[in-house]
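Trainee: Provided herewith is a single structure, encoded as structure tokens, for subsequent inquiry.
Protein chains: 2
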Amino acid sequence: MTHRPGQLHLNAFLMSSGHHEASWRLPESDPSSVSTNIAFLQQLALTAERGRLDSIFFADGPAQGRDVGRRPSGTLEPTVVLAAIAAVTSRIGLIATASTTYNDPYNLARRFASVDHISGGRAGWNIVTTAFGEAARNFGLADQPSHRERYERAAEFLEVSLKLWDSWEADAEVGDKAAGVWGDSSKVHAIGHVGEHFSVAGALTTPRSPQGRPLLVQAGSSEDGKDFAAQYAEAVFTAQQTLADAQEFYADLKRRAVEWGRDPATVLVLPGIVPVIGATEAEAREKEDELDRLIKPEYARVELAKTLRVHPDDLPLDRELPADLPSEDEIEGAKSRYTLVVNLARREHLTVRQLIGRLGGGRGHRTFSGTAEQVADAIQDWYDHGAADGFNIMPAVLPSGLDDFVDQVVPILVDRGLFRTEYTGTTLREHYGLAVPENRWTAARTAEIAR
Amino acid sequence: MTHRPGQLHLNAFLMSSGHHEASWRLPESDPSSVSTNIAFLQQLALTAERGRLDSIFFADGPAQGRDVGRRPSGTLEPTVVLAAIAAVTSRIGLIATASTTYNDPYNLARRFASVDHISGGRAGWNIVTTAFGEAARNFGLADQPSHRERYERAAEFLEVSLKLWDSWEADAEVGDKAAGVWGDSSKVHAIGHVGEHFSVAGALTTPRSPQGRPLLVQAGSSEDGKDFAAQYAEAVFTAQQTLADAQEFYADLKRRAVEWGRDPATVLVLPGIVPVIGATEAEAREKEDELDRLIKPEYARVELAKTLRVHPDDLPLDRELPADLPSEDEIEGAKSRYTLVVNLARREHLTVRQLIGRLGGGRGHRTFSGTAEQVADAIQDWYDHGAADGFNIMPAVLPSGLDDFVDQVVPILVDRGLFRTEYTGTTLREHYGLAVPENRWTAARTAEIAR
Ligand SMILES: Cc1cc2nc3c(=O)[nH]c(=O)nc-3n(C[C@H](O)[C@H](O)[C@H](O)COP(=O)(O)O)c2cc1C
Ligand SMILES: Cc1cc2nc3c(=O)[nH]c(=O)nc-3n(C[C@H](O)[C@H](O)[C@H](O)COP(=O)(O)O)c2cc1C
């Protein structure tokens, strides 16, 4: 497998005190402000920009599900966070999660178009269907729609959004002061969408944004999720534990993209990795062990039981998982996560306590502790072997884990010719090597003229 | 009427190239970027902060209604705009409009809580019910809900939002690293709201924000609108043409607040004023005339006809309004605006052309051209005579109109002891002299302990 030089992509997935659930208990963490302190988040973004990373990313879900005892769990809504970060950065891409199940396309499409304007073309949307029932009960529903229904709604949500983002042609703003004509109304199009889930009549309030629309990112790995990604996504976040699984996922997704008539190079696959970096391998291991010792398994066991749909008492800490668990088909929540957790435990014969340790580090993502050189090797290995176009870097501890990655791992990747030495563009699409999509109306007019 | 010194409040209502509909045709305006250029908006906010104004404000509506030929009409979604402005300012209050008819309370409440965190306690919400049917058709409805229904939904929307903003007590974040307890789950409350329009089960995702909740602002002046304002609003924007009308509105609103059991001093009334400032009165008049000459009446007539529910042909430009117009009762859109427009035309015997000129300057708000001294007099006159607690400053032209106001009018108001010399607080509530509301759960616990 050969790559063009410098084409590896790196996204930093930022989460409060870090991805390890016990990270907030370390001395470097200020537990009272990690979840709501914008200066802390702006600083992390500047670090990522110093490392010339492609983008940063925030997860999101519209429900306070977790036990707040366990770890920092209050969050700010990510589109407003991105706007505040855009104001103090100039290059780093800015990706926010938003749910298609609990939003209206008109409101969300204009918010992302607005963030794209505010950031000068650096906005991305991680499209999720949201897999926890608590969210449904914050929006007047007794329970969440079925998995299938959520993805059907997501597809129509995307169709509406794409129409809205095309509703203003790029040259609709005329600004003819002498004639007193500000805009060309023939270039602002009412979309007239009437569908199963949505009816949306008008044009967006917001002129076409620098990237035409935000970068479309997706993060569900079920069958429906992969099909959705193959159809719409330009970057895909995924949790993969082994090279073989990651290769299979990678090939599968590219194949599906081809089936949708797309160039597979325009769908970038970014598996997660939770690096713990030390001056020596032993030091890195010791860092990771220290974090694992700080986990309180009681909290995690309750959540694991919820994922597996069993009672916490059925999960004695020093035994393996019970034999009779439901199959993925029976799961209406996060299907792919469920399968990943069960497979991991079975494959490695983990006790519940050990499984909790593994999930506590990266919630199902690949954890890796070692020297900067070893982390770079781990990244290059998957990249060279058809398992990834780039990585979702999920520091176990923040801010130090991101500093370590940027200051120690990035220079190695640059030296190896894998990663950029400078930003060559200013937009998120430019970082990922993706074109600004054509506006459907402008394209139709151009085709008309050509005939 | 006596006031405490320095207690006048000033909000700057920012709109693209200014409130005069022809402002974008002046040389100072860059018509291609006024609607989407965040640097332009950030600069205006910094100007307002230089003038130590209480706040800036953005209008909003989820529909592209207007003819884009007429004037800059593309807008960015204001909550993300505020977040981007928060990042480059430190004191100025930040008020965004959002509709209760076309949002979900869970999403909106957390977004405002997030902006309050991001800005260190400077967020305000201009609560509107949205009075144009185009919006309904972007959200799956054939037409807008009736005026009454919109306000009923708005009241329940507020009740849910208030519960959500109280769902985290201020001291819910514990951060006990030694014990491994991040939050006190007894201080994070599922709200369990079940009502006519909304069912919302959980707590907010977002810890209590610096102001407890955003400042609540309202801008509807119909009977239902005033009752809603009297019950919930802490500041009220209103369009009033004459001192007598403004005094009546002021007294009426304060009386209604008392009926709701509130201290009338906690409901601030801010009429709009569109100042055009010149070195001499003649120069100011000439500025205003130049602007009026740049209006193209064809656009405005179509909109006026829509407001009045007649055909544009029924509005010859050089005749007065037709005699047989509907009464306010029959209007399901913006009731108070309708009445204001009709009364203005009848009272002053304006032709359609003249009426369009008046509305083109301030869309029904009081326009005033004169020297800085005369503008200060106009402000003081209403302030001293029980018509206002402050003003909604709506510069006819931006950026120069705001510069003129800040550099020329504010110093006069300061000299007269009416306006602050320095910010004395850092939050929007402090600027407006309003307390941080008590958290209902904390209050109940305190009362419990006291017993
Ligand atoms: C890196 C990564 C980040 C994710 N972030 C979110 C998130 O912020 N919110 C969310 O609801 N789901 C998130 N997910 C989960 C999925 O997007 C999806 O909602 C869930 O897996 C259910 O889809 P599936 O059944 O197709 O897997 C994330 C997944 C991955 C791999
Ligand atoms: C200064 C001011 C600003 C307003 N801004 C908005 C706005 O941004 N969006 C909106 O839908 N209505 C806005 N309105 C209109 C009212 O809030 C309200 O929606 C409308 O007047 C209908 O309510 P009413 O019938 O009670 O008057 C504004 C009104 C005033 C006075």
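In order, the protein sequences belong to chains A and B. All you need for the numbering used here is the position in the first sequence, starting with 1, plus 970. All you need for the numbering used here is the position in the second sequence, starting with 1, plus 970. We put the CB at the ideal spot given by N, CA and C, even for glycine. As the structure is a prediction and not an experimental result, all values here were calculated from the model.
Please classify residue 1387 of chain B: is it buried, with 16 or more other beta-carbons within 10 angstroms of its beta-carbon, or exposed?
Mentor: Classification for residue 1387 of chain B: exposed.
Trainee: To be precise: take each residue of the region 1082 to 1110 of chain A, compare its Cβ to all Cβ atoms of chain B, and keep it if any distance is under 7 Å. Which residues remain?
Mentor: Within the region 1082 to 1110 of chain A, the residues whose Cβ lies closer than 7 Å to some Cβ of chain B are 1084, 1085, 1087, 1088, 1104, 1107, 1108, 1109 and 1110, listed in chain order.
Trainee: Say whether chain A places a C-beta atom closer than 9 Å to the C-beta of residue 1168 of chain B.
Mentor: For residue 1168 of chain B, the answer is yes, since a Cβ of chain A falls inside 9 Å of its Cβ.
Trainee: Counting only C-beta atoms, is residue 1404 of chain A closer than 9 Å to chain B at any point?
Mentor: False, the Cβ-Cβ gap to chain B never drops below 9 Å.
Trainee: Apply the 10 Å Cβ neighbour rule to residue 1164 of chain B and answer buried if 16 or more other Cβ atoms are within range, or exposed otherwise.
Mentor: Exposed is the call here.
Trainee: In chain B, which residues lie less than 7 Å from residue 995 of chain A when you measure between Cβ atoms?
Mentor: Simply 1147 and 1150.
Trainee: Hey, is the region 1376 to 1393 of chain A in contact with the region 1069 to 1083 of chain A, meaning 3+ C-beta pairs nearer than 8 Å?
Mentor: No: fewer than three Cβ pairs fall under 8 Å.
Trainee: Helix, strand or coil: how does DSSP classify residue 1002 of chain B here?
Mentor: Coil.
Trainee: Measuring only the C-alpha atoms, how far is residue 1356 of chain B from residue 1220 of chain B?
Mentor: Spanning the two alpha carbons is a distance of roughly 7 Å.
Trainee: Residue 1409 of chain B and residue 1178 of chain B look like a contact to me (Cβ under 8 Å); what is the Cβ gap, rounded to whole Å?
Mentor: That belief holds up - the Cβ atoms of residue 1409 of chain B and residue 1178 of chain B are roughly 7 Å apart, short of 8 Å.
Trainee: Cβ closer than 9 Å: which chain B residues qualify as neighbours of residue 1034 of chain A?
Mentor: Ordered by position in chain B, the residues that pass the 9 Å Cβ test against residue 1034 of chain A are 1137, 1138, 1158, 1160, 1172, 1173, 1174, 1175 and 1176.
Trainee: Just to make sure I have the definition right: I need the residues of chain A whose C-beta is within less than 9 Å of the C-beta of residue 1073 of chain B. Which are they?
Mentor: The answer, in chain order, is 1074 and 1077.
Trainee: Does any CB atom of chain A fall closer than 9 Å to the CB of residue 1052 of chain B?
Mentor: Chain A contact via Cβ: present.
Trainee: Whole angstroms is fine: what's the gap from residue 1004 of chain A's alpha carbon to residue 1232 of chain B's?
Mentor: Between residue 1004 of chain A and residue 1232 of chain B, the C-alpha separation is close to 37 Å.
Trainee: Based on Cα-Cα distance, which residue from B/1024, B/989, B/1384 and B/987 lies nearest to residue 1403 of chain B?
Mentor: Closest option to residue 1403 of chain B, Cα to Cα, is B/1024.
Trainee: Just to check, is the beta-carbon of residue 1276 of chain B closer than 8 Å to a non-hydrogen atom of ligand 2?
Mentor: Because no heavy atom of ligand 2 lies under 8 Å away, the Cβ of residue 1276 of chain B does not count as near it: no.
Trainee: What's the gap between the Cα of residue 1259 of chain B and the Cα of residue 1338 of chain B?
Mentor: Answer to the nearest angstrom: the Cα atoms are 12 Å apart.
Trainee: DSSP on residue 1088 of chain A, reduced to helix/strand/coil?
Mentor: Looking at residue 1088 of chain A - three-state DSSP - the assignment turns out to be helix.
Trainee: Could you compute how far the alpha carbon of residue 1342 of chain A sits from the alpha carbon of residue 1169 of chain A?
Mentor: Between residue 1342 of chain A and residue 1169 of chain A, the C-alpha separation is close to 52 Å.
Trainee: One question on the structure: do residue 994 of chain A and residue 1159 of chain A come within less than 9 Å of each other, judged by their Cβ atoms?
Mentor: Taking 9 Å as the Cβ cut-off, residue 994 of chain A and residue 1159 of chain A do not qualify as a contacting pair.
Trainee: Using a Cβ-Cβ distance under 9 Å, would residue 1041 of chain B count as near chain A?
Mentor: Yes, because at least one Cβ of chain A sits closer than 9 Å to the Cβ of residue 1041 of chain B.
Trainee: Between residue 1265 of chain A and residue 1360 of chain A, is the Cβ-Cβ spacing less than 9 Å?
Mentor: Contact: no.
Trainee: Would you call the region 1116 to 1129 of chain B and the region 1191 to 1203 of chain B touching, i.e. three or more CB-CB distances under 8 Å?
Mentor: The region 1116 to 1129 of chain B, when compared against the region 1191 to 1203 of chain B, does touch it at the 8 Å Cβ threshold.
Trainee: Residues of the region 1364 to 1385 of chain B in Cβ contact with chain A at a cutoff of 9 Å, in chain order, please.
Mentor: If the cut-off is 9 Å between Cβ atoms, the region 1364 to 1385 of chain B has nothing near chain A.
Trainee: For residue 979 of chain B, is the beta carbon positioned less than 8 Å from some heavy atom of ligand 2?
Mentor: No, Cβ of residue 979 of chain B sits at least 8 Å from all heavy atoms of ligand 2.
Trainee: Give me the Cα-Cα distance between residue 971 of chain A and residue 1199 of chain A, rounded to the nearest whole angstrom.
Mentor: Confidence at residue 971 of chain A is low in this model, with a pLDDT of 49, below 50, so its placement is unreliable and the value that follows should be read with caution. Distance between the alpha carbons of residue 971 of chain A and residue 1199 of chain A is about 23 Å.
Trainee: Among A/1054, A/1190, A/1094 and A/1047, which one has its Cα closest to the Cα of residue 1117 of chain A?
Mentor: Closest by alpha carbon: A/1190.
Trainee: In the DSSP assignment, find the unbroken beta strand (DSSP E) run with residue 1138 of chain B in it and report its ends.
Mentor: No beta strand (DSSP E) holds residue 1138 of chain B; DSSP gives it neither H nor E.
Trainee: Please name the residue or residues paired with residue 1336 of chain A in a DSSP beta bridge.
Mentor: Note: residue 1336 of chain A sits in a beta bridge opposite A/1243.
Trainee: Shorter than 9 Å from the beta carbon of residue 1306 of chain A to some beta carbon of chain B?
Mentor: Residue 1306 of chain A does not count as touching chain B.
Trainee: Count Cβ pairs between the region 1377 to 1387 of chain A and the region 1039 to 1047 of chain A that sit closer than 8 Å; are there 3 or more?
Mentor: Not touching, per the Cβ criterion.
Trainee: So residue 1139 of chain B packs on residue 1370 of chain B, CB below 8 Å; how close in whole Å?
Mentor: Not a contact, Cβ separation roughly 47 Å.
Trainee: What does residue 1058 of chain A reach in chain B if we use C-beta pairs closer than 7 Å?
Mentor: Those within 7 Å of residue 1058 of chain A in chain B are 1057.
Trainee: Note down the Cα distance separating residue 1416 of chain A from residue 1086 of chain A, rounded to an integer number of angstroms.
Mentor: Cα to Cα, the separation comes out at about 25 Å.
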